[in-house]
Each structure stands twice: as structure tokens, then as C-alpha cells.
Ligand code: IPM
Ligand code: MN
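Structure below.
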């Protein structure tokens, strides 16, 4: 199979983590006789500096011409003074809109070896396996009107959804629940916001198409607490854009590190794959950052864009094995370094490569 992938490494640690994940994808492709056809383009702060815009036209063209886009991270404090529409993040939001993927899947599961890294007690997080479905193309991130009138001292953003936008993301969530533990939790703020009332009404209506899935509703404030107290109770969680942004960062606490959270955005013309964490410019170029979220994002790419389930499973299994063998990046070794081997970014990538190769050869 030919896998035509556009890589947009972006800013900060983006180039380092994507390099390691691509290395793993290359290993897996070679083992399975697939051809990984890669192209690299700029986005975010590097594009602002070299092309004068956070989303160059040739990046968009190459993205639309690929079968999957693999993104590192965007953002750098040095652009903080720019208006929202010119910042690195605007490049990412623009790319998301062009590709059209509206369902951002963020799986949160606790590797047993990393429970010690979480400030939450093992008996609370052990066995947690949640699939967040974050709506990615609507709500406050894209709603009009928006703006900041500095003279008047007034700023606004608009949380807006159409019924159709809610229906399509709800269907993705219900379908995922059907293949899992058949439970869907809808998260909103329907006690206060009309947009949430419509959202909840729509999800309840769509539920009729999925009688085998149990639907429950939670308010976002209560949900943020439930996630820390009883994360095991949740299977698939669907929510609007900004609530999803916040709840998934919060839930990374369950995985032991934000450096463990992958994501896939599906439903549009071309799927977009990016780790859930940011560009961490402070850590760039130090070979200390954790590439595992990005490597696990590579597994999602194989699964959701190419149907290569066995290969995707092999990457997850390799990550688990590397952790079982006691290898850690510095972020994962901080709490309890005893008996662990701390590896740099590149060494961790190489370790996963070597492990996945062995798993595939022996499969
Ligand atoms: C994420 C990030 C982005 C978002 C930023 C970088 C625009 O925080 O993917 O969660 O808010 O969607
Ligand atoms: Mn975020």
C-alpha cells in the first residue's frame, strides 16, 4: 500500500517529536511492504518567519493532495503580541478548517507502568480507558462575530453551533461507543447556555438511531470533577470544541503526562493527526522531550487513515513493552526514578523502532 503523508513539524519541539514518530512509521511500513511517501511543509511560527503567514498556500495545497497530515505542534511566546488571526495557532486552526475534520478523537488510557506518575491514586486511575470526541470546527474557536476593540475596551467571541454540526459529531461518538463499551457521556453547560441546550437536545435525538448505546449527560463543571474521581466510569465522551480542549488536557493527568496523549481528527477531506500537547518552545532542541504521544499519534494514522489495525496495535504494544522494560523520557521518570533507564527523545524513538520491528518480525 502507498501511504502519502504530509508532515508539518511546526514549532518548538514539533520537529523533534515528528522525526521520531516518522522513524517508527517508516519501520512499520518497511516491515509490511508499504511505501511511505513523505512531504514536509511549514506551518505556524516557522511559516510566519519564512513565508510571512502561519499557513502558506502551498502547505494547504500539499495537505489536500495527501492521504493524511501529520502535525507536530505550533506556537511560540515570541508571537504573543500579534492579533489572534496572525498568530501561529491561526495556522493550525486554518488548516483544520481547510481539511474539514470535525471529530477530534483523543484516547485517554492509563499504561499500568505510568500510574505512579499521576498525582491521582492508582486505585482511581487503573484500567481507565476513555475516548474523547472533541468537536473541532465550531464553537468559540470559529464563531463570528469575534474581536477585541481596544479603544472601547470590549472583546467578544461567539459560541455558535448548528444542529447539523452537532448531529455529525454525535454520530461519530455513538459509532465509536458501539465498538467499545456502549456508553456515551455528553458534556455541556445546558443549565446556563442556550447553545448547550440545543446541543443536548440534538444528541438526545441522535441517540434514537443507536438504541444499543446508553447515553448520559453531564455538565462540564461536574464532569471535570468526575474525571478526577472516577475516570473508569467513562467510555466515550462527546463535547464541544473548547470544553474538549480543556477536559482532555485535564485528563492527561490520568495518563501520567501530557506527553502521552495522541489525537486524530476525522470526518473531513483529509484526516489530521497531532499530539494533544503544545510546542513547548522552552524544551526545543534539548533531546529531552517525550515523543510517545506523537508516536502513538502515528498509530492512530495507520488505524484511521489506512485501516492498518495490526500495525497500529504493534506500535501501541511496542510503547507498552518499552515502558515495561523500564525506559522513560525525563518527564516520565521524575516522580520515581528508581530502577528506570532515562532516555533522550531520539533514543526513545530508536527504542520504540527496535521494539516494534521485533514485534512485527515475530508476529
Ligand atoms: C490543542 C491545542 C490547540 C487547540 C491550540 C494550539 C490552537 O491546545 O490541540 O488542544 O486549542 O485546539
Ligand atoms: Mn489544547
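Residue numbers (our numbering): 82 to 444. Yeah, the Cβ is synthetic: ideal placement off N, Cα and C, and Gly gets one too. Every value quoted in this text rests on a predicted model; they were computed, and no experiment measured them.
- Annotation for residue 307: the continuous alpha helix (DSSP H) segment containing it runs 301-310.
- In the pairwise beta carbon analysis, the region 161-170 is classified as not touching the region 105-123: fewer than three pairs are separated by under 8 Å.
- In the three-state reduction of the DSSP assignment, residue 271 falls in the coil class.
- Annotation for residue 301: 268, 270, 324 place their beta carbon closer than 6 Å to its own, counting only its chain and skipping 5 residues before and after.
- Membership of residue 347 in the beta strand (DSSP E) is indicated by the continuous run 345-347.
- Beyond the five residues adjoining it in sequence on each side, residue 157 comes within less than 7 Å, by CB distance, of 92, 93, 126, 169, 360, 362 in the same chain, given in chain order.
- In the same chain as residue 257, and ignoring 5 residues on each side of it, the C-beta atoms closer than 7 Å to its own belong to 212, 214, 317, in chain order.
- Taken through DSSP and simplified to helix, strand or coil, residue 82 comes out as coil.
- Following the DSSP letters along the chain, one finds residue 248 inside the alpha helix (DSSP H) bounded by residues 244-259.
- Remark: the shortest separation between the CB of residue 216 and any heavy atom of the ligand IPM does not fall under 8 Å.
- The C-beta distance from residue 195 to residue 309 rounds to 17 Å, too long to fall under 8 Å, and the pair is not in contact.
- Taken through DSSP and simplified to helix, strand or coil, residue 292 comes out as coil.
- One thing to note: residue 333 has its Cβ within 9 Å of the Cβ of residue 358.
- Taking the C-beta atoms as reference points, residue 134 is found no nearer than 9 Å to residue 89.
- The secondary-structure analysis by DSSP pairs residue 212 across a beta bridge with 188, 317.
- Below 8 Å, enough C-beta pairs join the region 427-442 and the region 370-380 to call them touching: three or more.
- With 16 or more neighbouring CB atoms inside 10 Å of its own CB, residue 299 falls in the buried class.
- Burial of residue 102 is indicated by the presence of at least 16 other C-beta atoms within 10 angstroms of its C-beta.
- Sixteen is the threshold: since fewer than 16 other Cβ atoms of the shown chains lie within 10 Å of the Cβ of residue 82, the residue is exposed.
- A distance criterion of 8 Å places the beta-carbon of residue 354 beyond contact range of the ligand IPM, judged by its closest non-hydrogen atom.
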